[in-house]
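S.K.: One gets my numbering by counting positions in the sequence shown from 1 and adding 2 to each. All C-beta atoms in this analysis are idealised placements derived from N, C-alpha and C, irrespective of residue type, glycine included. The structure follows.
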Amino acid sequence: MQRVVCPGSFDPVTNGHLDIISRAAGLYDEVVVAVLVNITKKTLFTVDERVEMIQEITRDYGNVRVDRFHGLLVDFCASNGINAVVRGLRAVSDFEYEMQMAQMNYRLAKVETLFMSTNPQYSFLSSSLIKEIARYGGDVSGLVPETVLGKLRTRLAEDEG
Ligand code: PNS
3 MQRVVCPGSF DPVTNGHLDI ISRAAGLYDE VVVAVLVNIT KKTLFTVDER
53 VEMIQEITRD YGNVRVDRFH GLLVDFCASN GINAVVRGLR AVSDFEYEMQ
103 MAQMNYRLAK VETLFMSTNP QYSFLSSSLI KEIARYGGDV SGLVPETVLG
153 KLRTRLAEDE G
């Protein structure tokens with residue numbers, strides 16, 4: 003059973019993330035999408051909300067499971083029988099940080115990292131940019147799943163009010 007993890011903050015999940023998750027699901031027996039619980043970082047959506055959104059958009063994939071983790075990714079991997087991480091690479095600017103994490107995870111627990119090049123259609127996408135554009139009224143449709151779009155509008159409207 004080849005199981006990999008797609009870890010991230012997913013605040014919120016974008017079509018770029020979904021593209022990587024679905025392509026990983028085509029290559030491996032099981033993909034575990036692991037949402038980082040980071041109590042020190044202020045997020046727009048709670049962990050429950052982020053997990054729910056990913057569950058909703060991956061419902062049709064029989065081999066994708068959504069979970070949450072705190073602490074080290076390598077510890078999550080150990081307790082879930084996972085020895086490889088899949089990360090999307092958008093541009094050279096991602097490389098340095100990603101390489102550092104990949105090498106550290108290998109050094110810590112021999113957890114491998116597999117880099118997948120993002121679909122050029124989404125290579126400029128990031129969750130922070132999505133939040134910024136949406137906050138100032140820009141159109142992010144087509145860049146995030148429909149369900150995320152709705153929740154983004156509602157949450158930002160709540161924040162305004
Ligand atoms: O979506 P992100 O924020 O780019 O994802 C980063 C993530 C969650 C993969 C990374 O911060 C992580 O693995 N955090 C867990 C803590 C950890 O293991 N840190 C050491 C990494 S070498």
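In the DSSP output, what is Met118 paired with across the bridge?
M.R.: For Met118, the pairing in a beta bridge is given by DSSP as Gly90.
S.K.: Please determine whether the Cβ atom of Met106 lies at a distance below 7 Å from any heavy atom of the ligand PNS.
M.R.: Checking every heavy atom of the ligand PNS against the Cβ of Met106, one is found closer than 7 Å.
S.K.: From Thr149 to Arg61, what does the alpha carbon distance come to, in whole angstroms?
M.R.: 13 Å
S.K.: Does the beta carbon of Glu160 come closer than 8 Å to any beta carbon on chain D?
M.R.: Absence of chain D from the displayed structure is noted, only one protein chain being present.
S.K.: If you follow the alpha helix (DSSP H) that Val76 is in, where does it begin and where does it stop?
M.R.: Leu75 to Ser81
S.K.: How about Gly64: is its Cβ closer than 7 Å to a heavy atom in the ligand PNS?
M.R.: no
S.K.: Do the region 122-135 and the region 23-30 meet, that is, are 3 or more Cβ pairs less than 8 Å apart?
M.R.: no
S.K.: Just to confirm, are Val34 and Asp77 a CB contact at a threshold of 8 Å?
M.R.: no
S.K.: Taking just the CA atoms, how far does Glu54 sit from Ser125?
M.R.: 25 Å
S.K.: CB-CB under 7 Å to Met3, same chain, minus the five flanking residues each way: which ones, in chain order?
M.R.: Asp31 and Glu32
S.K.: Let me know the secondary structure DSSP gives Asp69 once reduced to three states.
M.R.: In the structure shown, Asp69 sits in a strand (DSSP, three-state: E or B).
S.K.: Using the rule of at least 16 other Cβ atoms within 10 Å of the residue's Cβ for burial, across every protein chain shown, is Pro122 buried or exposed?
M.R.: By the neighbour-count rule (16 or more Cβ atoms within 10 Å), Pro122 is not buried but exposed.
S.K.: Take the Cβ of Asp13 as the centre, count every other Cβ of all protein chains shown within 10 Å, and call the residue buried at 16 or more, exposed below.
M.R.: buried
S.K.: Would you be able to state if there are at least three C-beta pairs under 8 Å between the region 46-53 and the region 79-88?
M.R.: At 8 Å Cβ cutoff, the stretches do not touch.
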